[in-house]
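Notes to accompany the following structure.
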Amino acid sequence: MIGVPAGGSRRPASQETLASGEHYFHMQGRAVRDFVTTELPAGVRRLLTVCDIAPDAVDHFVPHQANGMMLREVLPLLGLPRARTHLTVAEHANTGAASVPLALDTVRRGGLLEDGDTVLLAGFGGGMSLGTALVRWDGAPGDG
Numbered sequence: 017m018i019g020v021p022a023g024g025s026r027r028p029a030s031q032e033t034l035a036s037g038e039h040y041f042h043m044q045g046r047a048v049r050d051f052v053t054t055e056l057p058a059g060v061r062r063l064l065t066v067c068d069i070a071p072d073a074v075d076h077f078v079p080h081q082a083n084g085m086m087l088r089e090v091l092p093l094l095g096l097p098r099a100r101t102h103l104t105v106a107e108h109a110n111t112g113a114a115s116v117p118l119a120l121d122t123v124r125r126g127g128l129l130e131d132g133d134t135v136l137l138a139g140f141g142g143g144m145s146l147g148t149a150l151v152r153w154d155g156a157p158g159d160g
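Shown next, in the form of structure tokens:
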């Protein structure tokens, strides 16, 4: 779904691969969207079940900042009625693996987290992988 078809050791760059643009990043956008809209809600449900946390107990949702439109599409599917969703993709764009901690730090610096808040973090990306984590916010160094 996502990859660079040529230019590496498996398929070295050649005049043909360069002419056909196979050394560029290729993504099947609809397939990626389908993965996220299916797997992210399922991953959130699994995490909440394993942690025995009700969806309405989540105070903040900080997802990977891949694509604002796709994230807004998936939000209703997550079943997090109280969670404040934090989207920073408009400010920072898609910063890859750094997007979740960068967004969380933006929320922290904005003074939006209180001790005891339940924060759901969700990352997805390379290799069509997905990871979720629940954090009980207990402040951080420098939080005044």
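Each residue of the sequence shown is one higher than the one before, starting from 17 at the first, in this note's numbering. Idealized CB from N, CA, C, for every residue including glycine. Keep in mind it's a predicted model, so treat the numbers as computed, not measured.
* Asked: DSSP three-state call for H39: helix, strand or coil?
  -> Your numbering for residue 39 matches position 23 in the sequence shown. Three-state result, H39: coil.
* To do: Using beta-carbon positions only, say whether R100 and G132 come within less than 9 Å of one another.
  => Along the sequence shown, read from residue 1 onward, the residue named residue 100 stands at position 84. Along the sequence shown, read from residue 1 onward, the residue named residue 132 stands at position 116. Their beta carbons are not under 9 Å apart, which means R100 does not touch G132 by this criterion.
* Leaving out five residues before and five after T53 in sequence, what residues of the same chain have Cβ atoms less than 7 Å from its Cβ? -> Position 37 of the sequence shown, counting from 1, holds the residue named residue 53. E89, V90 and L93, listed in sequence order.
* Asked: Looking at the unbroken alpha helix (DSSP H) that takes in P28, where does it start and where does it end?
  -> Locating residue 28 in the sequence shown gives position 12, where the first residue counts as 1. Neither: P28 is in no alpha helix (DSSP H) and is coded neither H nor E.
* To do: Measure the alpha-carbon distance for N110 versus D68 and round it to whole angstroms.
  => Start at 1 with the first residue of the sequence shown, and residue 110 comes out as number 94. Start at 1 with the first residue of the sequence shown, and residue 68 comes out as number 52. Near 31 Å, if we compare the C-alpha coordinates of D68 and N110.
* **Nearest-angstrom Cα separation, counted from L146 out to A29** => As a first step, residue 29 is located in the sequence shown; it is residue number 13 there, counting from the start. As a first step, residue 146 is located in the sequence shown; it is residue number 130 there, counting from the start. C-alpha separation (whole angstroms): 31 Å.
* Answer yes if the segment 122-140 comes into contact with the segment 22-37, meaning at least three C-beta pairs across the two stretches below 8 Å, and no otherwise. => no
* P79 - containing beta strand (DSSP E), residue span -> Indexing the sequence shown from 1 puts residue 79 at position 63. Element bounds for P79: H76 to P79.
* When DSSP labels each residue in this structure, what does A149 get in the three-state scheme? -> Here residue 149 refers to the residue found at position 133 when the sequence shown is read from its first residue. Correct three-state label for A149: strand.
* **Beta-carbon proximity of V135 to L120, cut-off 9 Å** => Your numbering for residue 135 matches position 119 in the sequence shown. Your numbering for residue 120 matches position 104 in the sequence shown. Yes, the Cβ-Cβ distance between V135 and L120 is below 9 Å.
* Verify whether the separation of the beta carbon atoms of L56 and F140 is less than 9 Å. => Start at 1 with the first residue of the sequence shown, and residue 56 comes out as number 40. Start at 1 with the first residue of the sequence shown, and residue 140 comes out as number 124. Contact flag set, yes.
* Assigned secondary structure, R61 (DSSP; H/G/I helix, E/B strand, else coil) -> On the sequence shown, position 45 is the one that residue 61 refers to. Reduced to three states, the DSSP call for R61 is helix.
* To do: May I have the straight-line CA-CA distance separating V78 from A138, to the nearest angstrom?
  => Along the sequence shown, one-based indexing puts residue 78 at 62. Along the sequence shown, one-based indexing puts residue 138 at 122. Looking at the two C-alpha atoms, the distance is approximately 6 Å.
* How is the alpha helix (DSSP H) around T122 delimited, first residue to last? -> What you label residue 122 is simply residue 106 of the sequence shown in a count that begins at 1. Residues S115 to R125.
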